[in-house]
Amino acid sequence: MLLDTQPKSFADLVRISGLSHGTDVWLNNAQYFIKEGYTTLKDCISTRDDIMVYLMYKDVPPKTVFNIMEKVRKGKGVSEEYEKIMKEKNVPDWYIESCKRIKYMFPKGHAVAYVMMAVRIAYYKVYYPKAYYTTYFTVRADDFDADLICQGERTIKEKIDELYVQGNNISQKDKGLLTILEISYEMYKRGIKFLKVDLYKSDAIKFIIEEEAIRPPINDLQGVGDNAAKSIVEARKDGEFISKEDLRIRAKVSKTVIETLTNHGCLDGLQETNQLSLFG
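Numbering-wise (numbering that gives the first Met the number 0), the sequence shown opens with residue 0 and increments by one.
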């Protein structure tokens with residue numbers, strides 16, 4: 000849709016929002032009439048309000064304008080009576096046909112609200128990328144797999160290609176993972192990388208910025224839940240852990256959590272138990 004319409008202003012984005020959220024407003028409708036030269040993005044029907052403004056401009060009686068708009072937005076088309084009035088006011092045939100094809104229309108107020116939010120997000124994505132990605136992954140990344148993603152750009156790309164091969168057979172869980180992988184790959188391409196989860200530096204549940212990189216939270220390791228991650232962060236306030244056993248006891252976490260942390264490299268350098276060997 001963006002390629003077809005080539006938006007150049009905020010108003011254009013509002014129209015695109017209306018076109019994309021309606022039913023049979025763009026496909027087999029505005030897209031066709033724009034492509035065939037009947038109209039432009041600026042003058043096509045994109046939201047309910049467009050009908051009212053245009054028909055009033057054409058001097059159609061206000062009450063009739065409102066009734067036409069209501070019928071069109073609900074997918075009830077244009078009656079013969081109203082079509083006759085529209086033609087008497089020199090409303091072009093393509094416009095009347097466009098009204099007939101519409102099944103549901105978005106209100107302009109909603110379209111504006113959506114675009115305002117999108118522009119705000121886009122601003123931060125462009126000018127404050129680390130803050131954007133940190134916030135995005137903290138809020139949206141339920142399917143984030145730190146073990147996989149922290150391996151770097153190449154591994155991410157290979158996994159993306161693997162999931163694409165599944166086509167329509169892809170599971171809902173893998174769909175969620177694919178979105179996270181695509182955003183992660185984009186981030187790497189912009190020169191921002193992920194650091195590994197760190198026992199002392201990572202937050203329990205939030206991604207954090209460290210210089211030119213982003214560090215994932217402890218709970219984004221597969222098998223480490225929110226409560227376990229929070230317990231670890233709370234326990235480390237009392238000082239460094241002297242062993243895996245010490246971590247397990249102080250943080251009250253399971254052996255499975257310890258195994259996950261070990262496999263990710265978070266516990267490198269920690270001995271298994273609190274006992275010291277006199278003979279090394």
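C-beta: ideal position from N, C-alpha, C; glycine also.
Since the structure is predicted, the reported quantities are computational estimates derived from the model, not experimental observations.
Out of 228, 191 and 104, the CA that lies nearest to the CA of residue 201 is found in 228.
Residue 107 counts as buried, since no fewer than 16 other beta carbons sit within 10 angstroms of its beta carbon.
Residue environment for residue 9: exposed (fewer than 16 other C-beta atoms within 10 angstroms of its C-beta). Scanning 142, 274 and 231 for the CA closest to the CA of residue 266 turns up 231.
Minimum Cα-Cα distance from residue 236 among the listed residues 243, 249 and 226 corresponds to 249.
In the same chain as residue 162, and ignoring 5 residues on each side of it, the C-beta atoms closer than 8 Å to its own belong to 169, 173, 176, 177 and 180, in chain order. Taken in chain order, the complete alpha helix (DSSP H) segments of 4 or more residues contained in the segment 202-239 are 225-234. Residue burial is scored here from C-beta neighbours: residue 153 has fewer than 16 other C-beta atoms within 10 angstroms and is therefore classed as exposed. Straight across, the Cα-Cα distance linking residue 146 with residue 41 is about 48 Å. A direct Cα-Cα distance of roughly 5 Å separates residue 213 from residue 193. In the structure shown, residue 62 falls within a helical segment according to DSSP collapsed to helix, strand and coil. Judged by beta-carbon spacing, residue 28 lies within the 8 Å limit of residue 100, meaning their Cβ atoms are closer than that value. Using a Cβ-Cβ distance cut-off of 8 Å, the segment 107-116 and the segment 72-92 are not in contact, since fewer than three pairs of beta carbons, one from each stretch, lie closer than that value. For residue 48, the enclosing alpha helix (DSSP H) starts and ends at 47-56. Annotation: residue 143 is outside any alpha helix (DSSP H) and is labelled neither H nor E by DSSP.
Per the coordinates, the alpha-carbon of residue 185 lies some 14 Å from the alpha-carbon of residue 160. Exclusion of the five residues before and after residue 55 leaves 61 and 64 as the residues of its chain whose Cβ lies within less than 8 Å of its Cβ. In this structure, DSSP gives residue 38 a state outside helix and strand, which the three-state scheme calls coil. In this structure, residue 58 keeps its C-beta atom at 8 Å or more from the C-beta atom of residue 34. Taking 8 Å as the upper bound for CB-CB distance, residue 243 and residue 271 are in contact here, some 5 Å apart.
Distance from the Cα of residue 257 is smallest, within the candidate group 120, 222, 273 and 13, for 222. Following the DSSP letters along the chain, one finds residue 255 inside the alpha helix (DSSP H) bounded by residues 254-263. If you ignore the 5 residues before and after residue 30, its C-beta comes within less than 7 Å of the C-beta of 3, all in its own chain and listed in chain order.
In the three-state reduction of the DSSP assignment, residue 9 falls in the helix class, which pools H, G and I.
Residue 85 is classed as buried because its beta carbon has at least 16 other beta carbons within 10 Å across all chains shown. Nearest to residue 52 by C-alpha distance, out of 26, 78, 90 and 204, is 90.
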